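Here my numbering runs 486 ahead of the position in the sequence shown, where the first position is 1. To keep things clear, I will list the structure first and then write my remarks on it.
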Amino acid sequence: MGEQVISQVIRKQSIKINQSLTLKFTSMTCKQNLKSLLLAVSATAFVAACTPEDETAPLGAESEVTISATIADSEADPNARTTNLVYGNFAISDVRMSIDNVKLILRAVSEESKKPTIVQLRTNSPQTLSLVKDGEVTVVPIGTAKAYNGVYGKLDFDLVKAQDVSEEDEMYGYSIIAKATWFDTPAIMYIDLEDKVEIMFNKGLEVDGAQDLLLTMYMDKFLEGVSPSLVSDGNGDGLVEVGPNNEDGNGEAYDAILANMENAMVLKNGEFKDK
């Protein structure tokens, strides 16, 4: 009986034994082997009991990222607040923009990484930003989120038609409205574009500590190439209109502004580095 039990234990330990070989164990050897086996089983059970089944590698450190929006001049000191709102023949007094689904995209990491690829700062919550109001440049908060430390490659957001304002609001149904004077004549520019805007970072944006970032519209880029010959008060009502329906016959000016959108949006501040 003793030898049968020992043989079963040995078979469980995957030790191949020639069946024709007769093993003789002294009483002392049997006891020592059984004691060692029990200790090994006990140790294994202890480790298993102390190790959670869902244990995963610890996630990386996080930092708080805040994104706000404003306007600026591409040629101005990046640390200076914009005060001059005259661009060519336009003197800007008001700028509003409607956005949604703002997110930072983490650059590619290894498949084993637990880090997410997207940091969502605003989701399915349209927001109308007043970037210039009554001739004063403002800085408007968009959102704050925790982001895993790392290098981010781009910022995405959706330009959407404003729905978070009343139907009587002139912004309703448009994604951007800019008011100005054009040769001392009141002017207004409507844009009803709905599209995803991608701001790629030539140098990766490194998040390693709290970040305050500015989604910035460069007004000089926004109006670049819109010459006086493209704009007029076509119907003579005392208001120059530039919009998607060829208002005042200014369709070419509208198309020129749309073509400028890609280069007019940038993300400023933060730490950028090659990676």
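Glycine included, C-beta positions come from ideal geometry on N, C-alpha and C. Every value quoted in this text rests on a predicted model; they were computed, and no experiment measured them.
Taking one beta carbon from each stretch, the segment 716 to 729 and the segment 583 to 595 have fewer than 3 pairs nearer than 8 Å; the two do not touch. One thing to note: Tyr638 has its Cβ within 7 Å of the Cβ of Leu691. Exposure of Phe669 is indicated by the presence of fewer than 16 other C-beta atoms within 10 angstroms of its C-beta. Where Gly735 is concerned, there is no enclosing beta strand (DSSP E), because DSSP gives it neither an H nor an E. Looking at Val693, Asn746, Gly722 and Arg567, the one whose alpha-carbon comes closest to that of Thr671 is Gly722.
Cβ atoms of Leu617 and Ala555 come within 8 Å of each other, at about 6 Å. Counting along the chain, Lys707 sits inside the alpha helix (DSSP H) bounded by residues Met705 to Phe708. When only Cα atoms are considered, Phe576 and Ile553 end up about 28 Å apart. Non-local C-beta neighbours of Asp620 in its own chain, meaning closer than 8 Å and more than five positions away in sequence, comprise Ser579 and Asp580, ordered along the chain. Within 10 angstroms of the beta-carbon of Glu733 lie 16 or more other beta-carbons, which makes it buried. Annotated three-state conformation of Glu748 is helix, per DSSP. The segment 649 to 660 makes no contact with the segment 699 to 713: fewer than 3 CB pairs, one atom from each, lie closer than 8 Å. Taking C-alpha positions only, Ser549 is separated from Gln697 by approximately 8 Å. DSSP places Tyr740 within a helical segment (H, G or I) once states are collapsed to three. Nearest in C-alpha terms to Met657, of all of Ala566, Ile674 and Val551, is Ile674.
In the DSSP assignment, the residues bridged to Ser554 are Pro627 and Leu700. In this model, Asn736 and Ile662 are separated by some 17 Å (Cα to Cα). Comparing alpha-carbon positions, the option among Ile628, Asn587 and Gln613 lying closest to Val551 turns out to be Ile628. Unbroken alpha helix (DSSP H) runs of no fewer than 4 residues, entirely contained in the segment 652 to 727, are found at 705 to 708, following chain order.
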